[in-house]
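Sequence lines, in order, name chains A and B.
So for the first sequence, the numbering used here puts the first residue at 1; every next one is plus one.
So for the second sequence, the numbering used here puts the first residue at 1; every next one is plus one.
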Amino acid sequence: MSRGARITAALALAGAAVVASAHKPSDAYVTLAPRGDDVTVRWDVALRDLDPELGLDVDDDGTLSWGEVRSRLRDIEAYLLPQMTISAGGAACRPAPAGGDGAPGRVARHRLDRHSDGTYDAMSFVLHCAKPIDVLDVDYRLFAAVDPTHRGIVRLDAGGDATESAVLGPDHPRRRFDLRRSSRLETLREFVVEGIGHIGFGFDHILFLLSLLLPSVLVRADRIGSGRWAGAPDARGALVDVLKVVTAFTLAHSITLCLAVLDVVTLPSRLVESGIALTVILASVNNIRTVLPGRRWAVAFAFGLIHGFGFAAALKDVGLSRQALALSLFGFNLGVEIGQLAIVAAFFPVAFALRHSTLYRRVVLGPVSMSVAAIAGVWFVERAFDLKLMGFPA
Amino acid sequence: MMARRRRRLPERAWRPGPGLAAAIAVALLAAPARAAAAPYTPASDEEIVERLRERPLEPADRELRTLRQALRAEPRRLALAVAVAQHCIGIARRDGDPRYLGYAQAALSPWWSEAAPPVMARLMKATILQSVHEFDAAVVELDAVLQEDPANVQAWFTRASIEQVRGEYPKAERDCARVRDLGARVHGSACLAELRSLSGHDQEAEQALQGLLRENPDQVAWLSLVAAELAERRGDVRTAEQRYRASLAAASDAYAKGAWADFLLDRHRYDEVIALLLPEQRVDALLLRLALAFQGRADPRRDDAVAALQGRFDAARLRGDTVHQREEARFELHLRHRPEVAAGLAQRNWAVQREPADLRILLEAARAAHRVDLMDSARAFVVATGIDDVRLSPTAR
Chain A
1 MSRGARITAA
11 LALAGAAVVA
21 SAHKPSDAYV
31 TLAPRGDDVT
41 VRWDVALRDL
51 DPELGLDVDD
61 DGTLSWGEVR
71 SRLRDIEAYL
81 LPQMTISAGG
91 AACRPAPAGG
101 DGAPGRVARH
111 RLDRHSDGTY
121 DAMSFVLHCA
131 KPIDVLDVDY
141 RLFAAVDPTH
151 RGIVRLDAGG
161 DATESAVLGP
171 DHPRRRFDLR
181 RSSRLETLRE
191 FVVEGIGHIG
201 FGFDHILFLL
211 SLLLPSVLVR
221 ADRIGSGRWA
231 GAPDARGALV
241 DVLKVVTAFT
251 LAHSITLCLA
261 VLDVVTLPSR
271 LVESGIALTV
281 ILASVNNIRT
291 VLPGRRWAVA
301 FAFGLIHGFG
311 FAAALKDVGL
321 SRQALALSLF
331 GFNLGVEIGQ
341 LAIVAAFFPV
351 AFALRHSTLY
361 RRVVLGPVSM
371 SVAAIAGVWF
381 VERAFDLKLM
391 GFPA
Chain B
1 MMARRRRRLP
11 ERAWRPGPGL
21 AAAIAVALLA
31 APARAAAAPY
41 TPASDEEIVE
51 RLRERPLEPA
61 DRELRTLRQA
71 LRAEPRRLAL
81 AVAVAQHCIG
91 IARRDGDPRY
101 LGYAQAALSP
111 WWSEAAPPVM
121 ARLMKATILQ
131 SVHEFDAAVV
141 ELDAVLQEDP
151 ANVQAWFTRA
161 SIEQVRGEYP
171 KAERDCARVR
181 DLGARVHGSA
191 CLAELRSLSG
201 HDQEAEQALQ
211 GLLRENPDQV
221 AWLSLVAAEL
231 AERRGDVRTA
241 EQRYRASLAA
251 ASDAYAKGAW
261 ADFLLDRHRY
271 DEVIALLLPE
281 QRVDALLLRL
291 ALAFQGRADP
301 RRDDAVAALQ
311 GRFDAARLRG
321 DTVHQREEAR
331 FELHLRHRPE
341 VAAGLAQRNW
351 AVQREPADLR
361 ILLEAARAAH
371 RVDLMDSARA
381 FVVATGIDDV
391 RLSPTAR
């Protein structure tokens, strides 16, 4: 079981020196630092815990001298080492041959360290792993038979800020550290990519956005809504129009994305998916004949709310970590925005250049909107009635 | 962390036999820390690097060694395992050392995860669980014991003790009445008297306890402690002090020392607290009181004590322990001066245990942090139980 706790910084020695040691349940502290194919291990075990198992206090005077400990270091190692197995890629890592400060039969360097409840044997050694260390498995069994409340507090130090920790004991002796996803930056990058991928391959979102943007480079030729258009007089007005639509869409789907991911609002996916198809139909038909009231940015906002639920379903499929919820939500949304901007960047210059042409108004706006509406119509039927009409990824 | 005082039945009240007369609520005092500095290598073999015990081996320690050795040879001998567990729990209580609770659990390991372990193993398991504040799990075990053996006085008594700690006074009264009716008259009556007092019937409780004290001079240690706490809640300082002194003179454990230290701290008698607790720093509930006394008389040792306590709470959090929340709330409120943090801790603690000390820190922290919601919870408890305690502010009473 992982408790996500972070090992806090060492306390001032003064505290430990003046105040007597604490009574506390038994813990051991393990730090694992993987570098290349090697793992440097530091393992601190209380002398108080080793004594009953190994009989360190030979003269039974209730105190341990350094001599009593030093003369038994080989036995301490022989006792401890089999109690923790570290493996990479399914193969156990073995102590590197050069170790043990040169002493025969030993693999570790032993010093002493003070913790709040007394003196610990601080053992350091290097393990060599046969396979590359992508995933590190720790299996910890120390004192399981003599003290089931003993815990091994294991910290992975993967360099930089990347630390993770786990509390291991008899009920939960194993922990897998995945070094590939240990950094927050890595998590963020992963979710940004997911977000871009989702809009890039989510044809329904692209078509919806394009349907809304097609008229951005045009202005109504009349004010009655008969569907007659003319090219926009300048880039500024057209760009402001695009910006309004995109911003409204982003704002809306961000809201419902968050609400759905946090389980504040949940809708059945069939409703969401067919709703999204419906928004595409309405947005494209609206380009031919005005069927939607209000300005297009308002339409983008209202329909964007529905698309947000679709993004949330995709994000939940990817799998969210509870610890990195905010981070993954942010990353995913950022990815969606990046994808959206890329579409706008590709669309706008071409559309703006063609805005005065008859081609744009006669061929692109009408027939393209029509085709989009047709495709979306098929999606709607498929999604609403759970049918499979065409092999189109949507 | 410092759990309720021990509640032990005299051997005659025990049904399974004299061997089982172990402690019930053990003063569990964990207090770890990562006060690691830099690793070092001692200069010479003669250098003393660790002190394993503060006192010479006592007969109980030697007996435990023999028993554990025997148990290693025959780990499935129930009577032996229960004897080892009892000894360990006794030492954990005497020294406030939770490692011994781990050893007790290890002794019971052949039965620990069984669906239907023998009654004796189950009772021991419940005791250990209670000691680490796993109250729900402990009650499950006790219910099972009582199902199988409805006349098990110790199980009724332990369950009453948990219910009392949780502030479930009517339930606790029912169970205490069973204890009395099943033949453990002194324990049942004292337990009922304490509950009457907690429910605001001090006069009645006072009379009952005085009677019990007269008739049972051999039980002076814990009867006086109950009576001292009652007098303190009533504001009868002189009587409370006499009774604390009588109790501590007869026997003392970490719980009794803690209660007495709190009494002294409330009266700004810091030097007495320091003299009492200077040798007790291993137990962090007592180190907390010592730090408060240092602070009260502006003693420079305060900072070291605070640093050590912080280290212990940090280490406890690392392993996921939450048994120290009452002490940690006091630490945050009075020593670190962080009322919001203290209120959060006091609130989480209140969800687990509801003794007068828990009520007091809940109110103090809530008031300092302006947490009206917590003040309301505390007031609701006061109204529901009728508890009367002069140490609570007038706003709460």
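For every residue, glycine included, the Cβ atom is placed at its ideal position computed from N, Cα and C.
Span of the beta strand (DSSP E), counted from its first residue to its last, around residue i
i	result
A/Tyr29	27-35
B/Ser199	It is not in any beta strand (DSSP E) - B/Ser199 carries neither H nor E in the DSSP assignment.
A/Val172	It is worth fixing the name first, because residue 172 of chain A is His in this sequence and not Val. Unbroken run through A/His172: none, as it is neither H nor E.
A/Arg111	109-115
A/Thr63	63-65
A/Thr85	84-88
A/Val45	38-46
Any chain B beta carbon closer than 8 Å to residue i
i	result
A/Val138	no
A/Pro173	no
A/Ala33	no
A/Gly67	yes
A/Arg111	yes
A/Ala22	yes
A/Leu64	yes
A/Val167	yes
A/Thr119	yes
A/Arg289	no
A/Ala353	no
A/Asp75	no
A/Arg72	no
Same chain only: Cβ atoms within 8 Å of residue i, ignoring 5 sequence neighbours per side
i	result
A/Arg72	Leu54, Leu56
A/Leu142	Ala28, Val45, Leu80, Gln83, Met84, His150, Gly152
B/Ile91	Ala60, Asp61, Leu64, Asp97, Tyr100
Own chain residues within Cβ distance below 6 Å of residue i, not counting five before or after
i	result
B/Leu209	Ala193, Ala227
B/Phe313	Glu328
C-beta neighbour in chain A for residue i, strict 8 Å
i	result
B/Val283	yes
B/Asp45	yes
B/Gln105	yes
B/Gln141	Rather than Gln, the amino acid found at residue 141 of chain B in this sequence is Glu. So no, B/Glu141 is outside the interface.
B/Ala70	no
B/Leu374	no
B/Pro117	no
B/Arg312	yes
B/Ala27	At B/Ala27 the pLDDT is 25, less than 50, meaning the model places this residue with poor confidence; the figure from the coordinates comes in the next sentence. No, because no Cβ of chain A sits closer than 8 Å to the Cβ of B/Ala27.
B/Leu101	yes
B/Thr127	no
Continuous alpha helix (DSSP H) stretch holding residue i: start and end
i	result
A/Ile133	Element bounds for A/Ile133: n/a, residue is neither H nor E.
A/Arg155	Per DSSP, A/Arg155 belongs to no alpha helix (DSSP H); it is in the beta strand (DSSP E), 151-157.
7 Å CB neighbourhood of residue i in its chain, flanking five on each side removed
i	result
A/His128	Asp37, Asp38, Cys93, Arg94, Ala96
A/Ile196	Gly335, Ile338, Gly339
B/Ala343	Ala365, Ala366, Ala369, Arg371, Leu374
Check: residue i C-beta below 7 Å from any heavy atom of the ligand GDP
i	result
A/Val146	In the structure shown, the ligand GDP is absent, as is every other ligand, since no ligand is present at all.
Alpha carbon of residue i to alpha carbon of residue j, nearest angstrom
i	j	result
A/Ala384	A/Arg270	6 Å
B/Ala259	A/Arg70	43 Å
B/Ala151	B/Ile89	24 Å
B/Ala38	A/Ser328	38 Å
B/Gly211	B/Arg185	12 Å
A/His198	A/Lys316	12 Å
B/Lys171	B/Gln281	36 Å
A/Asp157	A/Leu325	22 Å
A/Leu243	A/Ala346	14 Å
B/Arg55	B/Ala251	17 Å
Check: Of all the residues that make up the stretch 252-264 of chain B, which are near chain A by a beta-carbon distance shorter than 9 Å?
Finding: none
Margin query: Output needed in chain order: residues of the stretch 88-99 of chain B with a Cβ under 7 Å from some Cβ in chain A.
Written below: Asp95, Gly96, Asp97, Pro98, Arg99
Notebook entry, point to check: In the stretch 132-157 of chain A, which residues sit with their C-beta less than 7 Å from some C-beta in chain B, listed in chain order?
Noted result: Ala145, Val146, Asp147, Pro148, Thr149, His150, Arg151, Ile153
Margin query: Under 9 Å, CB to CB, which of the residues in the stretch 24-51 of chain A have a partner in chain B?
Written below: Lys24, Pro25, Ser26, Asp27, Tyr29, Arg42, Asp44, Ala46, Leu47, Arg48, Asp49, Asp51
Next item on the list: Give, in chain order, every residue of the stretch 49-73 of chain B whose Cβ lies closer than 8 Å to some Cβ of chain A.
Entry: Val49, Glu50, Arg51, Leu52, Arg53, Pro56, Leu57
Check: Just by C-beta distance, which residues in the stretch 315-335 of chain B are closer than 9 Å to chain A?
Finding: Ala315, Ala316, Arg317, Leu318, Arg319, Gly320, Asp321
Next item on the list: Below 7 Å between beta carbons is the criterion; list the residues of the stretch 346-365 of chain B that meet it against any residue of chain A, in chain order.
Entry: none
Next item on the list: Taking only beta carbons into account, state which residues of the stretch 183-208 of chain B come closer than 9 Å to chain A, listed in chain order.
Entry: none
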